[in-house]
Amino acid sequence: MELLEVSDLMGLDDMALVKALTTRTVEARGDRVSTTLNIAQACYARDALCKNLYCRLFSWLVHRINKSIKVHGESIGKVMGVLDIYGFEIFEDNSFEQFIINYCNEKLQQVFIELTLKEEQDEYIREGIEWIHIEYFNNAIICDLIENTQKGILAMLDEECLRPGNVSDSTFLQKLNNVCAQHSHFQSRLCTNSKFLSDMSLPHDCFRIQHYAGKVTYNVEGFVDKNNDLLFRDLSQAMFLGKAEPHSKSLSRGRSNTAQP
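Numbering (the UniProt record's numbering), first residue to last: 1 to 261.
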């Protein structure tokens, strides 16, 4: 019943959706080979489709809001800000979800530092205003540890998800230990010459980040699976060929640019 509802919403033929969720077509040297997915692979395909639809729906909604509040013919732009996030999370057992939530909080802290502390005090200097200088910690170094496009934790996680061969949470942690060993805000017992080798509060299958709000220990179990969202081509093609309403079909054409109002 749920499958029928999904296919109806997306304007897809029922059997076309079933085929896209249970088979995968691969091209090799000009030949096309179709293989049947096992249960785990089919569940992965289903979850990847859900993640992609949610992400694109969110981007589409932001684009729609930007378009609706845009005023033509005026030089002064109008902005509507919406902020609704989780607070910083430090639990006894922290996983991928807490890592992403805390990364979001690091970025918000960085915006606060730039707009409220750094730029305000720079303006006081330019205008010659006397004030008591406010010292602050610039968390850009922590954001870079997470988001650097080459050596950041997220980039290495994406690399592991796409890499062929034996990929696991352990190989991901090993990569972190090799690349981030010298970073002042990264801690792991398995790093080369690790200072935390005897730290019993830091398990071998975990890494720790010194966030602006405090130290958080993350268990890498599930990181690779939770980050995997590669949409098989069969599903992409099925979604694109669906006879849905225009706003539904647009979800299969790519992600909207949410940065431009």
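Just so you know, even glycine gets a beta-carbon here, dropped at the ideal spot from N, CA and C.
(request) Could you tell me which residues DSSP pairs with R126 in its beta bridges? (result) Paired residue(s): none; R126 is not in a bridge.
(message) Please classify residue 298 as buried or exposed, where buried requires at least 16 other C-beta atoms within 10 Å of its C-beta.
(response) Given that the chain is displayed from residue 1 to residue 261, the structure contains no residue 298 and the question cannot be resolved.
(request) Go through its chain and collect everything with a Cβ distance to M156's Cβ below 6 Å, but skip five positions before and after it. (result) Taken in chain order, the residues that qualify are K175.
(message) Which complete alpha helix (DSSP H) runs does the segment 210-240 hold, if anything under 4 residues is left out?
(response) Along the segment 210-240, the alpha helix (DSSP H) occurs as fully enclosed runs of 4 or more residues at 223-227, 233-240, listed in sequence order.
(message) On the DSSP letters alone, give me the boundaries of the alpha helix (DSSP H) that E97 sits inside.
(response) Per DSSP, E97 belongs to the alpha helix (DSSP H) from 96-112.
(message) Can you tell me which residues form a DSSP beta bridge with D31?
(response) Per DSSP, A28.
(request) Evaluate A140 with the Cβ neighbour count: other Cβ atoms within 10 Å of its Cβ, from every protein chain shown; 16 or more gives buried, anything less gives exposed. (result) Exposed: under 16 other Cβ atoms inside 10 Å.
(request) Could you tell me whether the Cβ atoms of V224 and D169 are closer together than 9 Å? (result) It is a contact, given that the beta carbons lie within the stated cut-off.
(message) In the DSSP output, what is Q187 paired with across the bridge?
(response) In the DSSP output, where bridge partners are listed per residue, Q187 has R208.
(message) Are the CB atoms of F207 and Q187 within a distance shorter than 9 Å?
(response) Cβ atoms of Q187 and F207: closer than 9 Å.
(message) What would DSSP say about T149, mapped onto helix, strand or coil?
(response) Reduced to three states, the DSSP call for T149 is coil.
(request) Taking 8 Å as the threshold, find out whether the segment 31-49 comes into contact with the segment 210-219 through three or more Cβ pairs. (result) By the Cβ criterion, the segment 31-49 is not in contact with the segment 210-219, since fewer than three pairs of Cβ atoms, one from each stretch, lie closer than 8 Å.
(message) Quick check on the DSSP output: the alpha helix (DSSP H) that includes W60 runs from which residue to which?
(response) Run containing W60: 39-69, per the alpha helix (DSSP H) assignment.
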